[in-house]
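First comes the structure, then the notes that go with it.
Number of protein chains: 2
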Amino acid sequence: MIETGARRREIDEVASELFHANGYAATSVRDIARALDIQGASLYAHVASKEDVLWSIVDSTATAFERRADEAIEDAGTSDPVDRLAALVEAHVETVTSDPDRASVFVTEWRHLSPGRRDQIRDRRDAYEQRFRGLIEEGIAVGAFRQTDAAVAADFILSALNGIPAWYREDGRLSADRIADHFVDLALRSLSEDHR
Amino acid sequence: MIETGARRREIDEVASELFHANGYAATSVRDIARALDIQGASLYAHVASKEDVLWSIVDSTATAFERRADEAIEDAGTSDPVDRLAALVEAHVETVTSDPDRASVFVTEWRHLSPGRRDQIRDRRDAYEQRFRGLIEEGIAVGAFRQTDAAVAADFILSALNGIPAWYREDGRLSADRIADHFVDLALRSLSEDHR
DNA sequence: AACGTCTCCTAACAACCGTTAGGTAGGGAG
DNA sequence: CTCCCTACCTAACGGTTGTTAGGAGACGTT
Numbered sequence: 001m002i003e004t005g006a007r008r009r010e011i012d013e014v015a016s017e018l019f020h021a022n023g024y025a026a027t028s029v030r031d032i033a034r035a036l037d038i039q040g041a042s043l044y045a046h047v048a049s050k051e052d053v054l055w056s057i058v059d060s061t062a063t064a065f066e067r068r069a070d071e072a073i074e075d076a077g078t079s080d081p082v083d084r085l086a087a088l089v090e091a092h093v094e095t096v097t098s099d100p101d102r103a104s105v106f107v108t109e110w111r112h113l114s115p116g117r118r119d120q121i122r123d124r125r126d127a128y129e130q131r132f133r134g135l136i137e138e139g140i141a142v143g144a145f146r147q148t149d150a151a152v153a154a155d156f157i158l159s160a161l162n163g164i165p166a167w168y169r170e171d172g173r174l175s176a177d178r179i180a181d182h183f184v185d186l187a188l189r190s191l192s193e194d195h196r
Numbered sequence: 197m198i199e200t201g202a203r204r205r206e207i208d209e210v211a212s213e214l215f216h217a218n219g220y221a222a223t224s225v226r227d228i229a230r231a232l233d234i235q236g237a238s239l240y241a242h243v244a245s246k247e248d249v250l251w252s253i254v255d256s257t258a259t260a261f262e263r264r265a266d267e268a269i270e271d272a273g274t275s276d277p278v279d280r281l282a283a284l285v286e287a288h289v290e291t292v293t294s295d296p297d298r299a300s301v302f303v304t305e306w307r308h309l310s311p312g313r314r315d316q317i318r319d320r321r322d323a324y325e326q327r328f329r330g331l332i333e334e335g336i337a338v339g340a341f342r343q344t345d346a347a348v349a350a351d352f353i354l355s356a357l358n359g360i361p362a363w364y365r366e367d368g369r370l371s372a373d374r375i376a377d378h379f380v381d382l383a384l385r386s387l388s389e390d391h392r
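As given, the protein sequences belong to chains A and B, one line each in that order. In this text, residue positions in the first sequence follow our numbering: the first is 1, and each later residue adds one. In this text, residue positions in the second sequence follow our numbering: the first is 197, and each later residue adds one.
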């Protein structure tokens, strides 16, 4: 019963753009329909509710973050927490830059979901953040990172990462790869020992 | 003609809470009024429009950021870019933690302002960000920071700072001062040379 | 006692919201 | 040729939105 047709995907695409640009609450069903050159009511041939569109975007983006993080850790092929954290940061930048609209909606609009779905997303976000925190703690334990508050450091790095959609432009000065390199550098150094 | 009475300030206060919790677009005039135990229409004895409430919050918070940054640089009493950047980061954390609701609304809801006001805020945000970028460039020039992209580094640090309202709790594990210390540490180290 | 000012009220407005009902044109399958 | 399915339409619903109009009670000042 879950629609997966081409039109359904177009809806998610234009909705991501509009939700990113104006926010979920300030975007009407008729706004989304206008971007597809159809009537507002016609959307309901493809979608059960406006919230379902948001859910579709948020859920699939959460899955994208999780899957790409899994792959990155696996591809890294090491248990070294420093290398693993680097892989995680790089994967996150890749996911964000490969679809900034969806990433932005995922990060900023999930509070408009119904309570049940909101809780579900919060749990997955917590688990995702725990990957970062856990690796930081490991790195501290083996002496690769300095002694510091792993929770604060994880929030620091993840907030910086989630800020990317706000300024990233596909035709900007830096490619997604270069941004990823910079962010890996910045993140790892923020955890390093004193220099000199 | 600008109202500055006690009731007017209460409106900004409860509106900040609601805008932070649910977003500007998802908060109705009647929601704000209910929090003050009055009728929705009664708000218009104090306020010309809903957008004026948002503007009042955003404008005053922008001024708070600017003023505290000025004071911090002045109080630092040095021209060393490292110390100045540290003072700037510390000041930003202080402003955010002293009123997380307002800070959050300032950072996330200014896009709902009318075009003229939105441009005005964007200019002030750009100028504020330029302080960070400029100090980072200076630090690189004098060899205190490693050679890196100052614009990316400034975005990195500012995004991390602006993420604080999303997780900060006044009764949380860490005091605002401790968080400021951590953030100064993390930010400066992210710009430091290789260790060892 | 009269006055203005402040704060709030009720009632109502046009516009817009998400959503439902019922209908129609087109195209592919039998 | 008929049947069904997909994709869209128009019309309308009950409710909510930001906002205005006009009035009322309480207050300190003159």
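Heads up, the beta-carbon is just placed ideally off N, CA and C, and yes, glycines get one too.
- With a cutoff of 9 Å on beta-carbon distance, A/A87 and A/D75 are scored as near each other.
- Per DSSP, reduced to three states, the secondary structure at B/R204 is helical.
- Cβ neighbours of A/A144 within its own chain (closer than 6 Å, five residues either side excluded): V82.
- When the beta-carbon positions are compared, A/V96 and A/P165 come within less than 9 Å of each other.
- Taking 3 residues as the shortest admissible run, the region 30–67 of chain A contains no complete beta strand (DSSP E) segment at all.
- Annotated three-state conformation of A/L191 is coil, per DSSP.
- Under the Cβ distance rule, A/G40 does not count among the residues neighbouring chain B, no pair being separated by less than 9 Å.
- Straight-line measurement puts the Cα of B/A299 at about 11 Å from the Cα of B/E290.
- For A/T61, the nearest beta carbon of chain B is not closer than 9 Å to its own beta carbon.
- For B/F379, the chain A residues whose Cβ falls inside 9 Å of its Cβ are V152 and F156, in order along the chain.
- Distance from the Cα of B/A287 is smallest, within the candidate group B/R327, B/H308 and B/G312, for B/R327.
- In this structure A/I121 does not touch A/A45 by the C-beta definition: roughly 27 Å separates them, more than the 8 Å allowed.
- Taking all protein chains shown into account, A/V142 has fewer than 16 neighbouring C-beta atoms within 10 Å of its C-beta and is therefore exposed.
- Within a 10 Å sphere around the beta-carbon of B/T304 sit 16 or more other beta-carbons, which makes this residue buried.
- Taking 9 Å as the cut-off, the Cβ atoms of B/R329 and B/A350 count as close.
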